[in-house]
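Protein chains in written order, with our numbering: chain A, 7 to 318; chain B, 7 to 318; chain C, 7 to 318; chain D, 7 to 318; chain E, 7 to 318. From the three backbone atoms N, C-alpha and C, an ideal C-beta is built for every residue, glycine too.
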Amino acid sequence: MNNVPPEGIAEVLRSSSNLLWVDVTDPTEEDFRLIEEQFGFHALAMEDARKQNQRAKMDEYDGYLFITMRGALPIIEDMAEEAGAAQEIDVFLGPRYLVTFHRSDCAAITETRTRWEQRPGRMPAEPAYLLYVLFDTVVDGYFPVMDALDEAIDRIEDEAFSPNSVADIGPALVLKRRLLLLRQTLAPMRDLANSLLRADLDLIPAATRVYFQDVYDHTLRLLEQVDLHRDILTGALEAQLAQISNRLNQVMKTLTSISAILMSMALITGIYGMNFRHMPELEWPYGYFVALGAMALIGAGLTAFFRKIRWL
Amino acid sequence: MNNVPPEGIAEVLRSSSNLLWVDVTDPTEEDFRLIEEQFGFHALAMEDARKQNQRAKMDEYDGYLFITMRGALPIIEDMAEEAGAAQEIDVFLGPRYLVTFHRSDCAAITETRTRWEQRPGRMPAEPAYLLYVLFDTVVDGYFPVMDALDEAIDRIEDEAFSPNSVADIGPALVLKRRLLLLRQTLAPMRDLANSLLRADLDLIPAATRVYFQDVYDHTLRLLEQVDLHRDILTGALEAQLAQISNRLNQVMKTLTSISAILMSMALITGIYGMNFRHMPELEWPYGYFVALGAMALIGAGLTAFFRKIRWL
Amino acid sequence: MNNVPPEGIAEVLRSSSNLLWVDVTDPTEEDFRLIEEQFGFHALAMEDARKQNQRAKMDEYDGYLFITMRGALPIIEDMAEEAGAAQEIDVFLGPRYLVTFHRSDCAAITETRTRWEQRPGRMPAEPAYLLYVLFDTVVDGYFPVMDALDEAIDRIEDEAFSPNSVADIGPALVLKRRLLLLRQTLAPMRDLANSLLRADLDLIPAATRVYFQDVYDHTLRLLEQVDLHRDILTGALEAQLAQISNRLNQVMKTLTSISAILMSMALITGIYGMNFRHMPELEWPYGYFVALGAMALIGAGLTAFFRKIRWL
Amino acid sequence: MNNVPPEGIAEVLRSSSNLLWVDVTDPTEEDFRLIEEQFGFHALAMEDARKQNQRAKMDEYDGYLFITMRGALPIIEDMAEEAGAAQEIDVFLGPRYLVTFHRSDCAAITETRTRWEQRPGRMPAEPAYLLYVLFDTVVDGYFPVMDALDEAIDRIEDEAFSPNSVADIGPALVLKRRLLLLRQTLAPMRDLANSLLRADLDLIPAATRVYFQDVYDHTLRLLEQVDLHRDILTGALEAQLAQISNRLNQVMKTLTSISAILMSMALITGIYGMNFRHMPELEWPYGYFVALGAMALIGAGLTAFFRKIRWL
Amino acid sequence: MNNVPPEGIAEVLRSSSNLLWVDVTDPTEEDFRLIEEQFGFHALAMEDARKQNQRAKMDEYDGYLFITMRGALPIIEDMAEEAGAAQEIDVFLGPRYLVTFHRSDCAAITETRTRWEQRPGRMPAEPAYLLYVLFDTVVDGYFPVMDALDEAIDRIEDEAFSPNSVADIGPALVLKRRLLLLRQTLAPMRDLANSLLRADLDLIPAATRVYFQDVYDHTLRLLEQVDLHRDILTGALEAQLAQISNRLNQVMKTLTSISAILMSMALITGIYGMNFRHMPELEWPYGYFVALGAMALIGAGLTAFFRKIRWL
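#1: For the beta strand (DSSP E) holding A/D111, just list the boundary residues, first then last.
#2: Does DSSP put A/F321 in a helix, in a strand, or in coil?
#3: Contact defined as beta carbons within less than 8 Å: I believe B/M75 pairs with B/A62. What is the distance between those atoms, to the nearest angstrom?
#4: What residues of chain A sit near B/Q219, judged by a beta carbon separation below 7 Å?
#5: Excluding the five sequence neighbours on either side, which residues of its own chain have a C-beta within less than 6 Å of the C-beta of C/E117, listed in chain order?
#6: Return the bridge partner residues of D/M75 from the DSSP annotation.
#7: Are the C-beta atoms of C/R76 and some chain D residue less than 7 Å apart?
#8: Looking at the C-beta of B/F107, does it have a partner C-beta in chain A at a distance below 7 Å?
#9: Helix, strand or coil: which one does DSSP assign to B/K372?
#10: Measure how close the beta-carbons of C/L26 and C/V10 come, nearest whole angstrom, since I'm counting them as under 8 Å.
#11: Given a threshold of 16 other Cβ atoms within 10 Å of its Cβ, counted over all protein chains shown, does D/R39 qualify as buried or as exposed?
#12: Report the three-state DSSP secondary structure of D/M64 (helix, strand or coil).
#13: Using beta carbons (cut-off 7 Å, strictly below), is B/Q256 in contact with chain C?
#14: Which chain D residues sit within Cβ distance under 9 Å of C/I250?
#15: Any beta carbon of chain C sitting closer than 7 Å to that of D/F141?
#16: Inspect the beta-carbon positions of E/Y337 and A/M285 and report whether they are closer than 7 Å.
#17: What is the C-beta distance between E/A199 and E/Y222, in whole angstroms, given that I count them as a contact (C-beta under 8 Å)?
#18: So, A/L261 versus B/T262, is the Cβ gap smaller than 7 Å?
#19: Cα-Cα, which of C/F98, C/Q58 and C/E94 is closest to C/H48?
#20: Give the list of continuous beta strand (DSSP E) stretches no shorter than 3 residues that lie fully inside the region 122-153 of chain B.
#21: Examine chain D for any beta-carbon lying closer than 7 Å to the beta-carbon of C/I264, and answer yes or no.
#22: What is the residue span of the beta strand (DSSP E) that B/T262 lies within?
#23: Shorter than 7 Å from the beta carbon of D/I277 to some beta carbon of chain H?
#24: Anyone know if the C-beta pair for A/L186 and B/L188 falls short of 7 Å?
#25: Indicate the three-state DSSP secondary structure (helix, strand or coil) for D/D174 in the structure shown.
#26: Taking only beta carbons into account, state which residues of the region 49-62 of chain B come closer than 8 Å to chain A, listed in chain order.
#27: Within 7 Å of any Cβ in chain C, is that where the Cβ of B/R184 sits?
#28: When you compare only the Cα positions, how much space is there between C/T34 and D/R121?
#29: Cα separation between B/G46 and B/I115?
#30: Using the Cβ count rule (16 or more neighbours within 10 Å means buried), how would you classify C/L303?
#31: Less than 7 Å separating the beta-carbons of A/N255 and E/R253?
#32: Just to make sure I have the definition right: I need the residues of chain A whose C-beta is within less than 9 Å of the C-beta of E/I175. Which are they?
#33: Looking at C/G241 and B/K182, is the spacing between their C-beta atoms short of 7 Å?
#34: Confirm, please, whether the CB-CB distance from A/A245 to A/A158 is below 7 Å.
#35: With distances taken from CA atoms, which of B/S265, B/Q219 and B/P177 is nearest C/S168?
#36: Along chain E, in chain order, which residues have C-beta atoms closer than 8 Å to that of D/T260?
Below you can see the structure in the form of structure tokens.
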């Protein structure tokens, strides 16, 4: 895999039987035009390569495949941040070449290069196997993201079931939204893996196909993880909503208890505040203290009662 | 593509091998009869062309296809307005002709004409490719609508999670309804794209079929967008409902706190409003001020307590 | 299609190549026996024809098809009434005959007869086409029902979003139930249309099959309508439930405001109702009016405050 | 179908071409061993026959089918009782024999015997048809259960929508659980019917297959019934929960109204309970009655107001 | 099945036609290398064998199958504990050998050995049948877990419907989470059983395949159980949430009743606490007692009234 001047690609393709990997970082319009000319790619495929935010997919053309894959973005500390967008890599797979387009900050490409150069000797030096290394690297990039989500969900679950939680469902909903975006990115990745696996694609030899089965299994596991997380979050949300309701009940019981206690005591002061001429108790020497005592008794009795039925 | 008098269509079809595009704006009953005569279309297809509000679909007839497609209406500022209805275009695709029926305010037709006239020279001058340009233009018309919905949903989400929102779920539900209508229009469009792609249709050459794959991908992306939006809206609705419940809790806590504070203070006034003959405090020179002080103390203490437990 | 004496059916079938339509209204056991004898239908099919409330379906027998279809009942003003039950028509389709069984008040049969007699000359006088006319008439009978439901749902939606609605979810739930019943009737009708369309049925010539495609499209549209309506109703129900919660919040805020205002004012009366010997204000000449003024001030101030925070 | 000594089965199978129905009630381990020996059934099938609470299913073995079917239990008055469990019948279908195992209280077997003996002469005396009679009898046994559920659901619905209901969602949830259990039993029965219908089973002649189509239709109808009932129950539950919320609103309005009325009246008594030296009203000869009148007026006025806005 | 030195495996494989079972407990990196060398397994399969927490699956390689299965962990008393993780067993199935990797505390391996040694003589001594015994043992290990969940759900249901329950939805949600994890483990097990059953696998003879059908039925039943449990739990959760709401209603009714009673009585004390000069009742000799009586009457009357309408 020596370096080849861009204008000489067509010639190299004709003359050499070596594997040619053309990797274009932050492609300009000129790059696209050059590649289109040298390889003779279909205008539609080039248009898709130019556009960003495509779904992962595979299109078959005469003699080559056009593949779009989307990688996970590096994890950001603040889980709430909008990090659902994913990195796009556009790939042309031919019988003896691989062409890749991507943005400059794409870790998967660097890692693919390293893995490719360090591959064991028995691995075939064919474009399909290079495509597998790239695809596997991209898919593996989702696992740390998934682990971070895993931890965030654990924290939310602990919070949801703890008796003193603030019952703020915001973080759970933000996480649910991230899972939705992740699912929308991952599902086409699984379909892509499946179509690379299943199709009677001449460009992917049978011996290499088994590797794509492995990638397919990984995408399946990632999607199952996403679905499990969504169901767990739904449970945590239900727990939080039930907690809100339970607390409302508790607040109302407190209000009822306090009202009953204070109003009962006030009723006694009301009675002895009446101005009837003949009210024997008022003349008692210790009437006032008896009244205070009665109030204290009623207050303590009701408090005990409400505590017993767990309203206070 | 010169202009041809309507009555001469049948003759042109017989004699010329050129592509003939017959575009009928706001067709009258006479137009329908003329077209039926000149082209010999099946009565059922003509009946479908006459009716509005059909689902997007493709029917195979002997020697031609009848296709109904539905475009997005231009976006109206007020998202609440009933803009779910979509523009219908009815198309007959024959080996050398394309017949289109539509209402007068159909931007997609004008744009198709422009795109067709400006198409690169290497594009084939065949009806199937013209159909692709029309179909692609119609599908592309959904993207600005989707972007407008995108923004509306972002606004609703921001509102739902902001602590001072009015918790009015009306806009979210109106948006959800629009997404339902959009989905009902788009799903048959996807099926139409798929049937144009998949079928062993002689009228669509293999070289042109790849373009319909592109349109199919667009409809898939639009539908995924709609589904994602619905899920996000559902989350926003849950957030708003949880907020309503949380606020109810807060109101009840306020009520309980105020009741407890004011009733406790009133209890003291009640006590010293009693008319017992022997109440030592009443004779104290500063009894009144002591009582006021006690009330202030109780009030301040309870207020501090309720603030501490965040009930006030 | 002359009239034929029932006992002569078998002979007519043998001798004539004309289309024979045997229509039995409110069939008696004797009618069933006669038909079974004359046509030699299978006992199972006859048993199904005898029973009511079957699902729409098609069974293939040797040389004929047995078809059960279910029509919509005429619309009743009171949408709440249990009108989900549907009219059943049982049909035997043979190479040269059509046998139909139905109850006496079946409008679809009368209308089919009219449509059949008025059909354009080019339409084939074959049983399959007569079956299409009958099937199409039956399916078309669902559209007015759907329109009535449409209006009812619009009314419920308007009610759900209007700020002064009574938040009675009863009508929405009754409508939802009707949609459930309608779906249960329509889904087998769609399957029936599909199986008439798809199957390699010798009894339905290719030229006639295209008509059944049309009926199939109609059943699809009806079912999409039903599903859309259910989703819209679900939204309206959510709106009403959220409104109930919002109103509870409002009531609680009112209660809290009123309690705070009246209790604060009462506290002042309590203070000056105390019997301390030394209470300077009591001696003031305008003390009473100052107290009333203070109460008025507190009341007005709190009212203004609660109005400002929209609790009153 | 004469009686045959158990030990002579193998010989009868060899020598006779008659249909042999071996029916074992409450089989003992010895019965199982005898049958296994005489018929030479596979150990796995015998193991399944020994176990209870299997799912309905069909297993193909060399020369015979092993079928497990589950019947509905007779209906118990108290719908709440755990009657979801179903009766199991294990069947071996061979070219000239049918072997059935079941518990002693199995009404379906008795009824099958009656139906078989009374079958019209033209019905074939083959094991497949006997299997059909048994299967049909078992499936028919679900209809009375369904009717009982139907009535129970009607009662719950009436209750849910009646304005004075106690809003007890218990019975609805118990019914929902029963429907869940019924669905779990019925779905495998439908799959069993379908596999008896679809498979290229030599043991079921084409002429007999049409009968299984009939049974399949019945299982479909039963399952649709179950699903419809679940949806209706869900609606009834929603109605009850909305009613609970609505009533809470009503209670709170009552509380607010009562508080406002009584507190306003109390405020007046508070005012005239103050001890200011100069309070002109206190000196009025009819001051007391004016005060009482004012209180009555305020009370009546507020009551009328709250009645008008429907809070009382 | 004599013991063979690890280094001699390759030779034994070449020379002997006996079944060879290599079982590696807590494999070290050296074990993996040795096995890879001796058997010549593919690097990808060995990598999967090294990793833990894979989904159950089957990969076809040239001449052998790689199978991952996951068993249920022994049940822990405290249902809340995180016991969703499952034991993994990795298996290589070749024409004359079975290689298994697992952790040391794996009961299924021990039990498989016992079952294998005690198998009836007619069972074939082939690797596929040994695989069946292992697979069946692993799947059977789920049934006691399911029974434990069954009991836990029964307890939760009883609690949910009991009128005095504490309405704590925590346990139900914990159980729901466990069911989610169980489903995630079991669904790939069912797919594995199905792929062992369906595939045209030369390594599994037709006579042995019927045993895998049995295992497949077990996994189906387990999954149906899980789904049924989830639906039942959902019902129990709904019951608990409805109960919370119902209780809130009851608390509010109590509060309203107590407020109405105490405030009405207080109103009377307020009236006779007024200081009007002319209040005839105050002069009555028994005025005080009449007032107390009136208060008692009002209190008793309102209490009776609220009891009658079931608010108290």
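Looking at the atomic coordinates:
#1: As a first step, residue 111 of chain A is located in the first sequence; it is residue number 105 there, counting from the start. Following the DSSP letters along the chain, one finds A/D111 in no beta strand (DSSP E), marked with neither H nor E.
#2: Missing from the structure shown is residue 321 of chain A; chain A here goes from 7 to 318 and no further.
#3: The residue labelled residue 75 of chain B in the question sits at position 69 within the second sequence. The residue labelled residue 62 of chain B in the question sits at position 56 within the second sequence. With a Cβ gap of about 5 Å, B/M75 and B/A62 count as contacting.
#4: Counting from 1 along the second sequence, the entry for residue 219 of chain B is found at position 213. Listed by position along chain A, the residues whose Cβ is nearer than 7 Å to that of B/Q219 are D65.
#5: Taking the third sequence and counting its residues from 1, one reaches residue 117 of chain C at position 111. So the qualifying residues of the chain are T143.
#6: Along the fourth sequence, read from residue 1 onward, the residue named residue 75 of chain D stands at position 69. Beta-bridge pairing links D/M75 to D/I95.
#7: Translated into the one-based positions of the third sequence, residue 76 of chain C becomes position 70. Taking Cβ atoms only, chain D never reaches closer than 7 Å to C/R76, which makes this a no.
#8: Taking the first residue of the second sequence as 1, we reach residue 107 of chain B at position 101. B/F107 does not count as touching chain A.
#9: The requested residue 372 of chain B does not occur in the structure, where chain B is confined to residues 7 to 318.
#10: As a working note, residue 26 of chain C is residue 20 in the third sequence. As a working note, residue 10 of chain C is residue 4 in the third sequence. Indeed, because the Cβ distance is near 7 Å, the residues count as touching under 8 Å.
#11: The residue given as residue 39 of chain D occupies position 33 in the fourth sequence. Label assigned to D/R39: exposed.
#12: Locating residue 64 of chain D in the fourth sequence gives position 58, counting from the first residue. Looking at D/M64 - three-state DSSP - the assignment turns out to be strand.
#13: As a position in the second sequence, residue 256 of chain B is number 250, starting the count at 1. Not a single CB atom of chain C sits nearer than 7 Å to the CB of B/Q256.
#14: Position 244 of the third sequence, counted from the start, is the residue given in the question as residue 250 of chain C. In chain order: A248, S251, N252, L254 and N255.
#15: As a position in the fourth sequence, residue 141 of chain D is number 135, starting the count at 1. In terms of beta-carbon proximity, D/F141 stays away from the interface with chain C, with every pair separated by 7 Å or more.
#16: Outside the displayed range of chain E (7 to 318) lies residue 337 of chain E, so it cannot be described from this structure.
#17: Position 193 of the fifth sequence holds residue 199 of chain E. Position 216 of the fifth sequence holds residue 222 of chain E. Right, the Cβ-Cβ distance comes to about 4 Å (below 8 Å), so this counts as a contact.
#18: Residue 261 of chain A sits at position 255 when you count from the first residue of the first sequence. Residue 262 of chain B sits at position 256 when you count from the first residue of the second sequence. Yes, they are a contact pair.
#19: Numbered from its first residue, the third sequence carries residue 48 of chain C at position 42. The shortest Cα separation from C/H48 among C/F98, C/Q58 and C/E94 belongs to C/F98.
#20: Qualifying beta strand (DSSP E) stretches: none in this window.
#21: Stepping through the third sequence from its first residue, residue 264 of chain C is reached at position 258. So, interface residue.
#22: What you label residue 262 of chain B is simply residue 256 of the second sequence in a count that begins at 1. Element bounds for B/T262: not the beta strand (DSSP E) but the alpha helix (DSSP H), A212 to Y278.
#23: Going by chain labels, chain H is absent from the structure shown, which instead holds the protein chains A, B, C, D and E.
#24: On the first sequence, residue 186 of chain A is found 180 positions in, with the first residue counted as 1. On the second sequence, residue 188 of chain B is found 182 positions in, with the first residue counted as 1. Their beta carbons are not under 7 Å apart, which means A/L186 does not touch B/L188 by this criterion.
#25: Translated into positions along the fourth sequence, residue 174 of chain D becomes position 168. Coil, per DSSP.
#26: Contact residues of the region 49-62 of chain B toward chain A are absent (C-beta to C-beta distance below 8 Å).
#27: Sequence index remark: in the second sequence, residue 184 of chain B carries index 178 (1-based). No, its Cβ sits nowhere closer than 7 Å to a Cβ of chain C.
#28: Numbered from its first residue, the third sequence carries residue 34 of chain C at position 28. Numbered from its first residue, the fourth sequence carries residue 121 of chain D at position 115. Cα to Cα, C/T34 sits roughly 25 Å from D/R121.
#29: Within the second sequence, residue 46 of chain B is the residue found at index 40, counting from 1. Within the second sequence, residue 115 of chain B is the residue found at index 109, counting from 1. If you take the alpha carbons of B/G46 and B/I115, they lie about 24 Å apart.
#30: To locate residue 303 of chain C, count along the third sequence from 1; it is residue 297. Residue environment analysis places C/L303 among the exposed positions, since fewer than 16 neighbouring C-beta atoms fall within 10 angstroms of its C-beta.
#31: Taking the first sequence and counting its residues from 1, the one referred to as residue 255 of chain A is at position 249. Taking the fifth sequence and counting its residues from 1, the one referred to as residue 253 of chain E is at position 247. By the CB criterion at 7 Å, A/N255 and E/R253 fall inside the cutoff.
#32: For the purposes of this step, residue 175 of chain E is taken as residue 169 along the fifth sequence, with counting starting at 1. The contact set of E/I175 on chain A, defined by CB atoms closer than 9 Å, consists of E244, A245, A248, Q249 and N252 in chain order.
#33: Mapped onto the second sequence, residue 182 of chain B falls at position 176. Mapped onto the third sequence, residue 241 of chain C falls at position 235. Yes, the pair counts as a contact, with Cβ atoms nearer than the cut-off.
#34: On the first sequence, residue 158 of chain A is found 152 positions in, with the first residue counted as 1. On the first sequence, residue 245 of chain A is found 239 positions in, with the first residue counted as 1. A/A158 places its beta carbon 7 Å or farther from that of A/A245.
#35: Taking the first residue of the third sequence as position 1, residue 168 of chain C is located at position 162. Cα-wise, what sits closest to C/S168 is B/P177.
#36: Working through the fourth sequence from its first residue, we reach residue 260 of chain D at position 254. Residues of chain E whose Cβ lies closer than 8 Å to the Cβ of D/T260 are, in chain order, T262.
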